[in-house]
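There are 2 protein chains.
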Amino acid sequence: MSGTNTHVPAVLAHELPNPVPRDELAACPVNDLFRRIGDKWSMLLVIMLGKRRYRYNELHRSIEGISQRMLTRTLRDLENDGLVRREVFPTVPPSVEYSLTPLGESLLEPLSALAEWAVRNSPVTAAPRP
Amino acid sequence: MSGTNTHVPAVLAHELPNPVPRDELAACPVNDLFRRIGDKWSMLLVIMLGKRRYRYNELHRSIEGISQRMLTRTLRDLENDGLVRREVFPTVPPSVEYSLTPLGESLLEPLSALAEWAVRNSPVTAAPRP
DNA sequence: CTGTATCCGCATAGATACTG
DNA sequence: CAGTATCTATGCGGATACAG
């Protein structure tokens, strides 16, 4: 137990330069991913869209507390990141449907490992911040 | 492909109430975890401490761009969350060593799944935000 | 119905100076 | 060596009003 951890996953165990330069930090895939979907609403949207497709107002009504601005902005970001697909149907009134791309669905799998960890350890980590 | 996603991981697939109330959202373990370690420095520290133990100034020197304030604050948060252990040795001058707790080390495993996903898909997700 | 535009409060994070 | 204290800047996120 003392000293080096022997079961660190390969991806995380690769040598880090010393000092860790800013570019290396910004380029860290995990850190980068977290900075993209680690905001207030992205996770919830990915999980919801992982269940089924939604229309815009359906999402707006379904998520208590989200503003139009934040819903639109978060969906646009997820779309730009290739995780969410936006389909416009030129009806009157117009309707827009959101769903996960294959990339977005593939994210659900590693996410579940993290989710299961979080659920298992939520009693431990649920302590309020001082 | 149309309609319901059939291979959503169990933890993520459980029924979401509609509308999703704020408390439910705040209590979402994954969202909660992301809000705790999804900040600018937490991930990097967990990964670094996953390799070996570090002293305070060692971390400060090793991570280019981090301020003392942020390093201390991030370490304290991780300690409060039970992920990092802080050991003080009353020498002169004093020395403090940081390492992962068993809980922190257990987090490295699900993290690696996410890391591998991020690495595999970094070419796709690396596009700059507009 | 599906958004955009604008304004504003608050939390996050950096810089700097100082301390046991 | 290992931090605190204080000040400030920036950006996220919410409220509201308006538009195609």
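The listed protein sequences derive, respectively, from chains A and B.
Under this note's numbering, residues 1 to 130 are what the first sequence spells out, in order.
Under this note's numbering, residues 1001 to 1130 are what the second sequence spells out, in order.
Cβ coordinates follow ideal geometry from the N, Cα and C atoms, glycine included.
Owing to the predicted nature of the structure, the values given are computational and were not obtained by experimental measurement.
In this structure, B/Val1046 lies away from A/Ala115, with their beta-carbon atoms at least 7 Å apart. Under a criterion of Cβ atoms nearer than 9 Å, the residues of chain A adjacent to B/Ser1122 are, in order, Ala27, Pro29, Asp32, Leu33. Nearest CB-CB separation between B/Gly1038 and chain A: below the 7 Å threshold. In this structure B/Glu1079 does not touch B/Arg1073 by the C-beta definition: roughly 11 Å separates them, more than the 8 Å allowed.
Between B/Met1070 and chain A, the shortest Cβ-Cβ separation is not below 7 Å.
Boundaries of the beta strand (DSSP E) harbouring A/Arg85: 84-89, taken from the DSSP string.
Taking 4 residues as the shortest admissible run, the region 1022-1084 of chain B contains the following complete alpha helix (DSSP H) segments, listed from N- to C-terminal end: 1022-1027, 1029-1037, 1042-1051, 1056-1062, 1068-1080. Looking at the DSSP output, A/Glu97 shares a beta bridge with A/Arg55, A/Glu87. Against chain A, the beta carbon of B/Asn1018 has neighbours under 7 Å at Ser62, listed in chain order. In the three-state DSSP reduction, A/Leu108 falls in the helix class (H, G or I). In terms of CA proximity to B/Met1048, A/Leu16 leads the group A/Gly104, A/Leu100, A/Asp77, A/Leu16. Contact fails between the region 1057-1074 of chain B and the region 55-69 of chain A, because fewer than three Cβ pairs, one in each stretch, are under 8 Å apart.
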